[in-house]
Amino acid sequence: MPAANASEAVSHASVTAPATTFQTTPAAANTADAPDTKAATYPPAPKLTASDYPTIKGVNSRVAVWLVAQLHLWFGAFVLAVPIFVFIIEAIGMATRDERYDNMAFEFMKVSIIAYSLTAILGGLLTFSLVLFYPDLFKYLATIFKGSMFAYALLFFAESAILYIYYYGWHWLQGGNKKWVHLTLGLLLNAVGCLLMFLANAWTTFMMSPAAVDAAGVFNGDTWAAIHNFLWNPINIHRFVANVAYGGSIIGAYAAFKFLSARSKEERAHYDWIGYNANFIAISALLPLPFAGYYLTAEMYAYSQQMGITLMGGVFAWIFIIQAVLIGALFLSANYYLWCGMGRSEGAYRYNPRIKYIAMVLVAAFLVWFTPHTLVLTNAELKSLGGPYHQYLGVLGLMPAKNTAVNFLIVFTFLSFMFYRRANKIATVSWVTTGNAIQIALFTVGLINITLLGVYYGYFTNNVYKVAASIPQVLTTLTILVVSTIIDTLMYKGAKEVAPLHWGRMPARSQYALFLLAVAFTWLMGLMGYVRSAIRQHWHVQGVFRDNSVDAFTPDLGYAANIVSIGTILFMVMVMFIFWLNAINSRRVAAKGYWKKPA
Amino acid sequence: MYNVLKVTGFSLLMIGGFSAYSNYGIPQIIPAPPPVEEKLELSAMTMDQFVAFGGRIYNGKGTCTLCHNSMGRAPMLDRIGSVASENLKNPNYRGTAKTVEEYLHESLVKPSAFVTAGFGKAGSNDTESPMPDVSGGGIGLFEAEIAAVIAYLQESSGSEVTVAIPALPAAGAGTSNAEEAAPLKTPEEVIAKYTCGVCHVFAGHDLENRPGTLGPNLARIGATRSREYLRQALLDPDAVIAKGYAAGMMPKTYGEQLKAQELEMLVNYMAKSK
Ligand code: HEM
Numbered sequence: 001m002p003a004a005n006a007s008e009a010v011s012h013a014s015v016t017a018p019a020t021t022f023q024t025t026p027a028a029a030n031t032a033d034a035p036d037t038k039a040a041t042y043p044p045a046p047k048l049t050a051s052d053y054p055t056i057k058g059v060n061s062r063v064a065v066w067l068v069a070q071l072h073l074w075f076g077a078f079v080l081a082v083p084i085f086v087f088i089i090e091a092i093g094m095a096t097r098d099e100r101y102d103n104m105a106f107e108f109m110k111v112s113i114i115a116y117s118l119t120a121i122l123g124g125l126l127t128f129s130l131v132l133f134y135p136d137l138f139k140y141l142a143t144i145f146k147g148s149m150f151a152y153a154l155l156f157f158a159e160s161a162i163l164y165i166y167y168y169g170w171h172w173l174q175g176g177n178k179k180w181v182h183l184t185l186g187l188l189l190n191a192v193g194c195l196l197m198f199l200a201n202a203w204t205t206f207m208m209s210p211a212a213v214d215a216a217g218v219f220n221g222d223t224w225a226a227i228h229n230f231l232w233n234p235i236n237i238h239r240f241v242a243n244v245a246y247g248g249s250i251i252g253a254y255a256a257f258k259f260l261s262a263r264s265k266e267e268r269a270h271y272d273w274i275g276y277n278a279n280f281i282a283i284s285a286l287l288p289l290p291f292a293g294y295y296l297t298a299e300m301y302a303y304s305q306q307m308g309i310t311l312m313g314g315v316f317a318w319i320f321i322i323q324a325v326l327i328g329a330l331f332l333s334a335n336y337y338l339w340c341g342m343g344r345s346e347g348a349y350r351y352n353p354r355i356k357y358i359a360m361v362l363v364a365a366f367l368v369w370f371t372p373h374t375l376v377l378t379n380a381e382l383k384s385l386g387g388p389y390h391q392y393l394g395v396l397g398l399m400p401a402k403n404t405a406v407n408f409l410i411v412f413t414f415l416s417f418m419f420y421r422r423a424n425k426i427a428t429v430s431w432v433t434t435g436n437a438i439q440i441a442l443f444t445v446g447l448i449n450i451t452l453l454g455v456y457y458g459y460f461t462n463n464v465y466k467v468a469a470s471i472p473q474v475l476t477t478l479t480i481l482v483v484s485t486i487i488d489t490l491m492y493k494g495a496k497e498v499a500p501l502h503w504g505r506m507p508a509r510s511q512y513a514l515f516l517l518a519v520a521f522t523w524l525m526g527l528m529g530y531v532r533s534a535i536r537q538h539w540h541v542q543g544v545f546r547d548n549s550v551d552a553f554t555p556d557l558g559y560a561a562n563i564v565s566i567g568t569i570l571f572m573v574m575v576m577f578i579f580w581l582n583a584i585n586s587r588r589v590a591a592k593g594y595w596k597k598p599a
Numbered sequence: 001m002y003n004v005l006k007v008t009g010f011s012l013l014m015i016g017g018f019s020a021y022s023n024y025g026i027p028q029i030i031p032a033p034p035p036v037e038e039k040l041e042l043s044a045m046t047m048d049q050f051v052a053f054g055g056r057i058y059n060g061k062g063t064c065t066l067c068h069n070s071m072g073r074a075p076m077l078d079r080i081g082s083v084a085s086e087n088l089k090n091p092n093y094r095g096t097a098k099t100v101e102e103y104l105h106e107s108l109v110k111p112s113a114f115v116t117a118g119f120g121k122a123g124s125n126d127t128e129s130p131m132p133d134v135s136g137g138g139i140g141l142f143e144a145e146i147a148a149v150i151a152y153l154q155e156s157s158g159s160e161v162t163v164a165i166p167a168l169p170a171a172g173a174g175t176s177n178a179e180e181a182a183p184l185k186t187p188e189e190v191i192a193k194y195t196c197g198v199c200h201v202f203a204g205h206d207l208e209n210r211p212g213t214l215g216p217n218l219a220r221i222g223a224t225r226s227r228e229y230l231r232q233a234l235l236d237p238d239a240v241i242a243k244g245y246a247a248g249m250m251p252k253t254y255g256e257q258l259k260a261q262e263l264e265m266l267v268n269y270m271a272k273s274k
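First to last, the protein sequences are chains A and B.
All residue numbers for the first sequence refer to our numbering, where the first residue is 1 and numbers rise by one.
All residue numbers for the second sequence refer to our numbering, where the first residue is 1 and numbers rise by one.
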């Protein structure tokens with residue numbers, strides 16, 4: 001088969017011969033090694049058979065690659081996210097000159113620095129297992145991303161260098177100009193980190209929405225076009241936001257763990273405070289996430305209706321039910337944690353009666369979201385399901401109803417947070433009544449508007465773009481969030497504290513809410529990673545490079561869920577290991593009489 | 001240590017819960033296996049095998065069941081044999097078929113020849129079919145495959161199978177399928193293939209003097225419209241209707257048929273027509 005040779009021959013020549021040859025047919029590619037063919041060109045995507053995939057007895061290669069990739073992604077997400085909010089916390093510390101923030105930021109870094117080496121190890125393992133089990137795919141992708149692979153390596157070294165200076169120089173670069181240097185390092189660290197992630201995302205999205213290749217997979221030499229493919233930015237955005245939320249939740253679990261095992265009151269107070277902040281970060285990033293998700297979906301539809309339908313209407317429709325359950329769990333546990341947090345002060349009792357209404361709305365919104373779409377299925381799938389499902393719940397299963405529910409979920413979570421913030425304070429400005437009235441009006445009008453929009457789009461339009469039609473709802477929600485934050489900030493400027501805030505006065509069960517958040521988040525990420533891959537069905541690179549391995553079939557949901565569970569457990573074990581390393585790091589044993597006395 | 005155990009137990013319980021829910025809480029659908037790339041030996045096939053081959057295409061590559069299922073997107077085809085003979089006598093029938101077999105063939109490649117009442121494209125008053133031409137772009141069945149599908153339709157609706165197994169090998173069937181069909185390389189080719197010129201005038205010497213006046217003149221469209229607008233005009237023509245034209249005229253199937261690259265090529269081409 002000349003393709004392999006050709007690819008070798010051309011990958012050298014290609015450096016000097018850029019995009020001009022991209023219209024050469026695949027047939028010409030195979031003759032590239034003939035001496036008189038001037039045109040250097042790229043090979044088409046190989047057509048493989050099952051025997052082209054190396055196997056190792058007793059190892060399911062797909063599951064192996066799947067788990068390693070997922071573990072790498074989890075750690076990568078965490079490691080990239082932490083510096084983002086550490087940067088912000090450090091800046092807050094500098095602005096307020098409150099050292100607690102600086103210490104907290106450093107403590108976060110301490111957790112993530114060990115995770116960083118695990119990320120790198122897993123990344124190496126991932127490359128290794130790809131080369132081992134999917135050599136042709138790896139080679140094909142590597143040819144296309146040759147230029148960026150080099151950049152990736154350089155960025156990785158830069159990231160490591162900056163990270164270590166940032167971390168080990170923390171206590172050295174303190175005060176005045178030095179602190180500014182340190183902050184700048186943090187910024188640099190984040191810039192490099194994001195670039196790294198974006199480059200990695202290019203591979204993933206290229207496999208979903210290939211660009212710069214023709215239908216036979218012949219690359220036209222334009223690496224940037226391959227990177228900047230149709231779904232690249234939507235995934236970049238969704239992952240960036242999701243990573244921050246995820247990072248927050250893992251730190252939350254760390255704090256919860258420390259809180260539960262704390263021995264002194266001070267320690268408990270400290271970790272309660274950290275847990276609170278971590279939860280705050282997780283929620284703040286959680287709120288915009290559904291929007292990023294719907295944007296991603298809308299873009300998938302725009303790229304290919306077929307892919308959109310496969311995603312939302314076919315076998316995978318059920319995955320969004322599971323997703324809804326998990327996201328519902330995320331929102332509920334985040335809210336629950338906030339409500340528990342009201343126990344930190346006596347001032348909060350005033351708000352307790354209102355909580356149950358918020359809880360009711362949240363559950364209702366959750367149930368609507370949870371209602372399945374009408375499903376589009378192949379005959380065989382219809383048979384295995386025993387008929388299409390939920391035709392009667394039709395409208396509630398539609399996108400507008402779901403969007404409405406999601407917006408409610410977000411607005412009411414925000415409300416929980418506002419109550420929490422206000423709980424211990426009494427505003428002293430003269431316009432409190434007016435301010436409150438405006439806010440109530442804002443929420444009421446906003447929620448009515450969201451409902452009306454949902455009803456309008458749900459019943460009275462027949463457009464195919466119901467996903468994109470939710471924009472006015474989103475804008476309403478954002479308006480509520482922004483305007484009411486502004487009003488609240490002004491209104492509670494210089495507010496009186498009702499009673500002292502007792503950090504550490506939290507029931508133990510509240511800490512389990514933080515664990516739930518972390519575990520559910522991890523599992524959700526794994527699940528969505530499966531969907532992202534699975535909608536390619538039997539393609540390595542959608543429509544261009546077919547998967548002909550024995551594992552080309554799309555695994556069903558139950559099976560996928562079990563793999564995700566195994567992955568989550570592995571991840572949790574590694575995370576516990578990191579926490580434990582952290583704990584022993586601060587332990588000091590004085591082994592009396594062991595060391596010889598200095599002379 | 002006690003805490004570690006409790007936390008571990010709690011986490012395992014949750015993970016187990018998620019798994020259990022995904023396994024037992026929702027119906028387990030086994031996704032369709034990847035389409036098999038068939039080695040076609042038509043000459044060696046019995047009629048039964050040929051019909052079965054048609055059935056596989058119907059349920060697989062043809063994507064027919066995406067629309068022809070019990071959810072009302074398209075008529076059920078379980079009685080198509082007798083329905084076809086009735087439709088042939090229907091005054092609204094505008095095709096040229098004489099027999100059921102010809103009718104079915106026409107339904108597959110010129111779906112608008114007869115549109116089942118109530119299933120036409122919105123606004124076309126049942127004159128245009130939303131069903132794609134199965135030999136074109138998105139589905140790309142070959143003649144032999146179409147014949148097999150017809151045989152399958154006849155067999156499964158209980159009528160007599162009249163199709164003869166084609167003597168020719170199915171052109172490339174087995175090794176090649178729609179996604180792997182040679183790509184179109186120029187916007188002109190794309191415009192020609194998808195017959196945009198029937199309705200539009202485009203820029204470029206080859207395309208300028210075409211008769212298309214059913215839709216807006218696109219020769220300078222790039223001067224007034226953004227790329228996003230143009231992309232949407234192709235994917236979802238009814239999202240914004242050009243002034244002075246009716247909705248529902250511009251076909252809505254391009255989103256399914258155009259390959260992503262072809263789409264981008266068209267959008268680029270139009271955006272540059274200033
Ligand atoms: C509150 C709402 C949402 C949450 C909490 C959420 C969370 C997440 C998380 C944590 C990831 C993994 C990110 C990563 O790999 O770095 C993810 C990925 C993904 N999400 Fe969402 N998401 C939400 C909404 C949505 C929606 C509404 C959709 C589509 C209907 C969606 C589609 C996806 C897809 C396809 C991926 C895979 C992308 C990838 O991992 O490469 N998400 N989501």
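By construction, the Cβ of each residue, glycine as well, lies at the ideal position given by its N, Cα and C atoms.
Predicted model only: the values in this text are computed from it and were never measured.
Item	Value
Cβ-Cβ distance between Asp-78 of chain B and Ser-159 of chain B below 8 Å	no
Opening and closing residue of the beta strand (DSSP E) in which Trp-503 of chain A lies	It is not in any beta strand (DSSP E) - Trp-503 of chain A carries neither H nor E in the DSSP assignment.
Partner residues on chain A for Leu-235 of chain B, Cβ-Cβ distance less than 7 Å	Ala-302
Buried/exposed call for Lys-265 of chain A, threshold 16 Cβ in 10 Å	exposed
Chain-ordered chain A contacts of Tyr-21 of chain B [CB-CB under 9 Å]	Ile-322, Val-325 and Ala-561
Ligand 3 heavy atom lying under 7 Å from the CB of Ala-302 of chain A	Here the bound small molecules are ligand 1; ligand 3 is not part of this structure.
Rounded C-alpha distance that separates Cys-67 of chain B from Asp-133 of chain B	14 Å
When A:Asn-279, A:Phe-145 and A:Leu-409 are compared against Trp-224 of chain A, the one with the closest alpha-carbon	A:Phe-145
Residue from A:Arg-354, A:Ile-578 and A:Asn-403 whose Cα sits closest to the Cα of Leu-475 of chain A	A:Asn-403
Neighbourhood of Gly-293 of chain A by C-beta, 7 Å cutoff - its chain only, sequence neighbours within 5 removed	His-238
Residue-level contact to chain B via CB, Thr-554 of chain A, 8 Å cutoff	yes
Pairwise C-alpha distance: Leu-12 of chain B and Leu-5 of chain B	10 Å
CA-to-CA distance, Gln-542 of chain A to Leu-88 of chain B, given in whole angstroms	41 Å
Counted within 10 angstroms of its Cβ, other Cβ atoms place Trp-539 of chain A as buried (16 or more) or exposed	buried
Tyr-336 of chain A vs Ala-513 of chain A beta-carbon contact at 8 Å	yes
8 Å Cβ cutoff, Trp-523 of chain A in contact with chain B	yes
Other residues of its chain near Tyr-351 of chain A: CB distance less than 6 Å, five sequence neighbours each side excluded	Phe-419 and Ala-423
Cutoff 8 Å; reference Leu-234 of chain B; Cβ partners in own chain excluding five residues on either side	Tyr-254, Gly-255, Leu-258, Leu-263, Leu-266 and Val-267
Under 7 Å by beta carbon: chain B residues contacting Val-519 of chain A	Ser-11, Met-14 and Ile-15
For His-270 of chain A, the first and last residue of its enclosing alpha helix (DSSP H)	265 to 286
Where Thr-55 of chain A meets chain B, residues with beta-carbon distance less than 8 Å	Result: empty, since nearest Cβ-Cβ is about 18 Å, beyond 8 Å.
Test: Met-265 of chain B CB closer than 8 Å to a CB of chain A	no
Trp-318 of chain A (DSSP reduced to helix, strand or coil)	helix
Proximity test, Cβ basis, 8 Å: Pro-276 of chain B and chain A	Residue 276 of chain B lies beyond the residue range present for chain B, which begins at 1 and ends at 274; the question has no answer from this structure.
Expected contact under 8 Å - CB spacing of Val-192 of chain A and Ile-162 of chain A to nearest Å	6 Å
Alpha-carbon to alpha-carbon, Arg-588 of chain A and Thr-297 of chain A	52 Å
Unbroken beta strand (DSSP E) run spanning Val-541 of chain A, endpoints	539 to 541
Cα-Cα separation between Ile-281 of chain A and Tyr-357 of chain A, rounded to whole angstroms	25 Å
Residues that Gln-49 of chain B contacts on chain A, provided the C-beta gap is smaller than 7 Å	Near Gln-49 of chain B there are no residues of chain A at all, since even the closest Cβ is about 20 Å away, more than 7 Å.
Any C-beta of chain A under 8 Å from that of Phe-18 of chain B	yes
Burial state of Pro-288 of chain A (16 or more Cβ within 10 Å)	buried
Minimum Cβ-Cβ distance from Trp-74 of chain A to chain B less than 8 Å	no
Euclidean distance between Cα positions of Ser-384 of chain A and Pro-31 of chain B	Legend: pLDDT at Ser-384 of chain A = 40, less than 50; position of this residue unreliable, value from coordinates given subsequently. Rounded to whole angstroms, Ser-384 of chain A to Pro-31 of chain B spans 10 Å at the Cα level.
Spatially closest choice to Asp-214 of chain A from A:Thr-41, A:Val-411, A:Thr-554 and A:Val-429, by CA coordinates	A:Thr-41
One or two residues paired with Ile-56 of chain A in a DSSP bridge	A:Val-59
Proximity test, Cβ basis, 8 Å: Asn-268 of chain B and chain A	no
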